[in-house]
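Below is one structure; the comments refer to it alone.
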Amino acid sequence: MIDEKILDIQLLTNHKKNLRNTYIIIPVHNRREITLTCIEQLQKNGDLDQYSIVVVDDGSTDGTAEAIQSLFPTVQILYGDGNLWWTGAIRKGMEYAYQQGAEYFIWLNDDCLPGQHTLNLLVEFSANHPNTITASACYLAGANIPFDTGCIGRKACTALPESIKSVDSLSGYCVCLPRIVCDVVEYPNAESLPHYGGDDAYILQATRAGLKAVILGDAKVTLRDIATPAKNFTQYIKRIQGKSLTLQLVFFTKKSKYYLSGRFFHLKLKYGIVKGCLIFTAKLLAWIFQYYLFLIKRFMNSYFKTNLTSF
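Here it is as structure tokens:
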């Protein structure tokens with residue numbers, strides 16, 4: 000019969016080993032205060048002492064890296080030239096961590112504030128369920144229910160407290176991936192999906208290759224952004240209408256959620272070449288229609304507002 004004390008010591012040793020071999024990868028660009036708040040949260044949780052933290056600074060010019068070096072000298076900083084975007088930064092961090100012998104990678108956006116035990120829950124679940132990717136339940140600041148960060152087919156979903164939700168793909172707010180993911184599907188595709196979609200597509204590739212993905216309802220993360228994420232094209236362009244709302248900005252900028260090259264690649268990956276092309280064509284026509292309709296409505300509102308105030 001196994002001595003319970005010996006078993007407890009073995010479990011504790013394995014747990015500490017898992018934490019030491021877990022690398023938290025945080026992609027950042029010119030959000031100094033947001034980034035520092037995120038790292039401060041990790042310090043408050045005790046995560047800064049347990050995990051290896053890697054910040055990938057993609058060409059920040061606001062002193063982000065310098066502030067991190069001064070305040071958190073144990074944090075490893077990797078540098079980009081401003082052309083990595085989200086997916087490239089995550090890939091760079093994963094490649095570095097893999098070379099260091101990482102057993103687990105945690106993607107963490109810098110506007111995410113993990114709960115005190117959130118990261119431990121993710122790592123422990125992955126350790127106890129081999130070949131499983133685990134994600135946190137994400138809440139907007141002040142909200143009492145999580146918003147959808149996973150997908151089953153075309154249906155968005157999440158996990159409520161005390162529940163676990165199996166999914167096909169995930170958004171990359173706060174996600175723990177075991178090392179085997181890199182062995183099976185290599186690294187995220189930063190060329191085809193430089194910013195939006197790189198997370199979702201990578202997890203989808205992993206689950207299609209036989210790995211599992213789940214959202215843990217008890218692993219909570221709060222987003223500092225108080226705005227509800229845009230659910231459709233019209234909501235998205237309303238968010239950026241203060242800028243010059245050009246076709247270039249909406250459809251051909253890598254940072255855009257509707258970057259056409261990335262959207263096409265993602266749909267082709269998800270549905271196959273024939274169905275993916277048909278869906279992309281239909282969506283593109285709908286987006287263009289909504290784009291010009293929005294511009295017309297904005298012009299008319301501005302025109303009537305100007306003329307009414309002149310009387």
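Counting from 0, one number per residue, gives the positions in the sequence shown under numbering that gives the first Met the number 0.
Where a beta carbon is used, it is the ideal one built from N, C-alpha and C, also for glycine.
All values derive from a computational prediction rather than experimental measurement.
{"Check": "Where Leu222 sits in the DSSP three-state scheme", "Outcome": "strand"}
{"Check": "Alpha helix (DSSP H) segment containing Thr157, residue limits", "Outcome": "Element bounds for Thr157: n/a, residue is neither H nor E."}
{"Check": "Other residues of its chain near Thr34: CB distance less than 6 Å, five sequence neighbours each side excluded", "Outcome": "Val27, Thr63, Asp109"}
{"Check": "Distance between Ala96 and Arg19 (C-alpha atoms, nearest Å)", "Outcome": "12 Å"}
{"Check": "Burial state of Phe232 (16 or more Cβ within 10 Å)", "Outcome": "buried"}
{"Check": "Short Cβ contact (9 Å threshold) for Leu47 with Thr73", "Outcome": "yes"}
{"Check": "Identity of the residue in Leu283, Ile144, His116 nearest Gln40 by Cα", "Outcome": "His116"}
{"Check": "Beta-carbon spacing of Leu149, Gly171 below 9 Å", "Outcome": "Going by the sequence as given, residue 149 is Gly instead of Leu. Not a contact, by the Cβ cut-off of 9 Å."}
{"Check": "Own chain partners of Ser51 with C-beta closer than 6 Å, once the 5 adjacent residues on each side are dropped", "Outcome": "Tyr22"}
{"Check": "Range covered by the alpha helix (DSSP H) that runs through Thr36", "Outcome": "31-44"}
{"Check": "Status (buried if at least 16 other CB within 10 Å, exposed otherwise) for Ser135", "Outcome": "buried"}
{"Check": "Complete alpha helix (DSSP H) runs within the region 159-214 (minimum length 4 residues, chain order)", "Outcome": "179-184, 197-207"}
{"Check": "Given Val184 as reference, the closest of Ala208, Val174, Leu192 once Cα atoms are compared", "Outcome": "Ala208"}
{"Check": "With 16 other Cβ atoms within 10 Å as the buried cut-off, status of Thr280", "Outcome": "exposed"}
{"Check": "Span separating the alpha-carbon of Leu268 from that of Arg262", "Outcome": "10 Å"}
{"Check": "CB-CB length for Leu244 against Leu292, believed under 8 Å", "Outcome": "Not really, about 12 Å apart at Cβ, beyond 8 Å."}
{"Check": "Of the listed residues Lys254, Ala218, Gly92, Met299, nearest to Asn119 (C-alpha basis)", "Outcome": "Ala218"}
{"Check": "Per DSSP, the bridge partner or partners of Gly149", "Outcome": "Cys156, Leu169"}
{"Check": "Residues near Leu70 in its chain [Cβ-Cβ closer than 8 Å; skip 5 each side]", "Outcome": "Leu35, Ile38"}
{"Check": "Pairwise C-alpha distance: Asn130 and Lys211", "Outcome": "6 Å"}
{"Check": "Per-residue DSSP class, three states only, for Asp80", "Outcome": "coil"}
{"Check": "DSSP three-state assignment for Gly275, whether helix, strand or coil", "Outcome": "helix"}
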